[in-house]
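So the structure is just underneath, and the comments pick up after that.
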């Protein structure tokens, strides 16, 4: 039989809130899934659609975009762009025939280490249920 | 300020798509596909869209270059053509016409290709003529 | 009948252009010559019998180029509804100076509105012709929600596999003026690969079109592979309206919602995070 599918998750985390929260989770020795590859950005607003799409192309089965809660952004309103951009991109994935649940937006502050663990665990399971992305897009030709 | 669009044919392949070169005050500023062109019907491939790029490219040759003492030096057309005629003549005399081959290109017009094969067969006396598309 | 209607439209337009050329440096419109029909800048004294209105080119791009090259030039443009929408979105992003542009708007024919599935086949600055009824929406877009996710994926994979990455869609788009284009950035779009399994190339464009696409349909017309790009972009336009209440090209005072704060352009729908 084959090896059980382990989802590969790329998580963009804002430096000031989520990355700090993730760090605190680690310090407190809370266990979060090893499936998650963290990418630190200065603000969740920096995460462009091309970054998310490239993550999928590079082999991510799921992508998390995480940042500060609205009103707490270190740059005031960087996350305002995130909260508009991510739903749009989720819809677009759905239109293109890729399950939108492979992309999730979550606000996690520096003080919310348990929330970081909860979100990453939940999302990993969601993506596990969905299966590998490569299966969904397998039958498109690649001409090199 | 003079703005015009000049219809021309893409040089990059034998398809011959129609495109307009957008010219503002004698400077090419862009490319428009020719929507009324029977062959290309308002569409272009990536080469056609960038067909004007070589015009102002810094690497574009503006004069013939002749190698003198191991270095390529600018020359006139008269100098270059005289050298070519002299050298081809010498090679043909020393090693025979079949030691010379001529390679043409899809970027040339049919008329230019006709002239080249005439040069090969009638002037130089060889059938060694080929074309970049066969490579 | 259509020919007569179009002829009277064109004659009406030529008349207005002649009047306006008295005070403008030039009018951007299509010109017919022995070589075909292409964008042109008519000057005072030019033969306006050469002025045409078809086949459509995105003429606002010409205005944008000239406004940037010649900071004092005052232009007019013979514009359809889509041209004016393109203008509004370009002016918001400082690509065109609205104070130096006079719009000579004319209405599309009913047939043209249908062909383009156009919801606004006449500009706000309408000077010639009467607005026809809006064209019916693209049936593929209308029935899109009924397609399963697998059907959608199969549909687009069949379409995107034809793509030759000519960048025609990006080149012809009036809203694509970025000097550094994400679609050309090797970090996101791998050079030398056609139709990668995950459609990064097309989805980047679709996301960038959100808040910009004015449904001029030039991208689909210029695609050598006949990919129905407007289906995807119409869906993005629908989302812009639902999520942010924004219709590109209609309101000069509405800021591009994706670039500004929630106070300036609020979400109309609750988003869970």
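Protein chains in written order, with the numbering used here: chain A, 8 to 151; chain B, 10 to 144; chain C, 115 to 387. Where is the CB? At the ideal position from N, CA and C, for every residue including glycine.
- Message: Between C:374, C:294, C:255, C:161, which has its C-alpha nearest residue 128 of chain C's C-alpha?
- Response: C:161
- Message: Closer than 8 Å is the cut-off here; do at least three beta carbon pairs connect the stretch 33-43 of chain B with the stretch 254-271 of chain C?
- Response: no
- Query: Taking only runs of the alpha helix (DSSP H) that begin and end inside the stretch 239-265 of chain C, which ones reach a length of at least 4 residues, in chain order?
  - Reply: 253-256
- Message: Could you pull the DSSP bridge partners for residue 18 of chain A from this structure?
- Response: A:45, A:71
- Query: How many angstroms separate the CA atom of residue 27 of chain B from the CA atom of residue 335 of chain C?
  - Reply: 15 Å
- Do we get a CB-CB distance below 8 Å when we pair residue 179 of chain C with the residues of chain B? yes
- Query: Taking Cβ to Cβ, would you say residue 58 of chain B is nearer than 8 Å to residue 73 of chain B?
  - Reply: no
- Message: Quick check: the Cα distance between residue 215 of chain C and residue 189 of chain C, rounded to an integer number of angstroms?
- Response: 5 Å
- Query: What are the start and end residues of the beta strand (DSSP E) that includes residue 127 of chain C?
  - Reply: That residue, residue 127 of chain C, is in no beta strand (DSSP E); its alpha helix (DSSP H) goes 116-134.
- Query: Between the stretch 51-76 of chain B and chain C, which residues of the former have CB atoms less than 7 Å from a CB of the latter, in chain order?
  - Reply: 51, 52, 53, 54, 55, 58
- Message: Output needed for residue 8 of chain A: all residues of its chain with C-beta closer than 6 Å, excluding positions within five of it in sequence on either side, in chain order.
- Response: Low confidence applies here, because residue 8 of chain A scores a pLDDT of 48, under 50, leaving its location unreliable; read the following figure in that light. Nothing listed; no residue qualifies.
- Query: Given that residue 43 of chain B touches chain C, what residues does it touch there, using C-beta distances under 9 Å?
  - Reply: 149, 150, 151, 152
- Query: Under 8 Å, do residue 355 of chain C and residue 369 of chain C count as touching if we go by C-beta distance?
  - Reply: no
- Does the Cβ-Cβ distance between residue 154 of chain A and residue 32 of chain A come in under 8 Å? Outside the modelled stretch of chain A, which goes from 8 to 151, sits residue 154 of chain A, for which no answer is possible.
- Message: Which residues does DSSP list as the beta-bridge partners of residue 140 of chain C?
- Response: C:189
- Message: I'd like the span of the beta strand (DSSP E) that includes residue 44 of chain B, first residue to last.
- Response: Premise fails: residue 44 of chain B is in no beta strand (DSSP E) and is neither H nor E.
- Helix, strand or coil for residue 75 of chain B, going by three-state DSSP, please let me know. strand
- So is residue 140 of chain B in contact with chain C if we call contact Cβ pairs under 8 Å? no
- Message: I'd like the span of the alpha helix (DSSP H) that includes residue 218 of chain C, first residue to last.
- Response: Counting along the chain, residue 218 of chain C falls outside any alpha helix (DSSP H), though it belongs to the beta strand (DSSP E) covering 215-220.
- Message: Beta-carbon within less than 7 Å of residue 16 of chain B's beta-carbon, same chain only, minus the 5 sequence neighbours each way: which residues are those?
- Response: 27, 29, 43
- Message: Under DSSP, the alpha helix (DSSP H) around residue 340 of chain C begins and ends at which residues?
- Response: Premise fails: residue 340 of chain C is in no alpha helix (DSSP H) and is neither H nor E.
- Check whether the Cβ atoms of residue 33 of chain B and residue 175 of chain C sit closer than 8 Å, and answer yes or no. no
- Query: Grouping DSSP H, G and I as helix and E and B as strand, with all else coil, what is residue 80 of chain A?
  - Reply: strand
- Hey, residue 274 of chain C and residue 296 of chain C: beta-carbon distance below 8 Å or not? no
- Query: In the stretch 78-140 of chain A, which residue ranges form an unbroken alpha helix (DSSP H) of at least 4 residues, counting only runs that do not cross its ends?
  - Reply: 85-102, 120-137
- Item | Nonlocal neighbours in the same chain, by C-beta distance under 6 Å from residue 93 of chain A, ignoring five residues either side | 72, 112
- Message: Just to confirm the assignment, what range does the beta strand (DSSP E) spanning residue 12 of chain B have?
- Response: 12-18
- Item | C-alpha gap between residue 117 of chain A and residue 29 of chain A, whole angstroms | 8 Å
- Message: Just to confirm my understanding: we take residue 42 of chain A, look at its own chain, exclude 5 residues before and 5 after, and list those with CB closer than 7 Å. What are they?
- Response: 13, 14, 15, 16, 131
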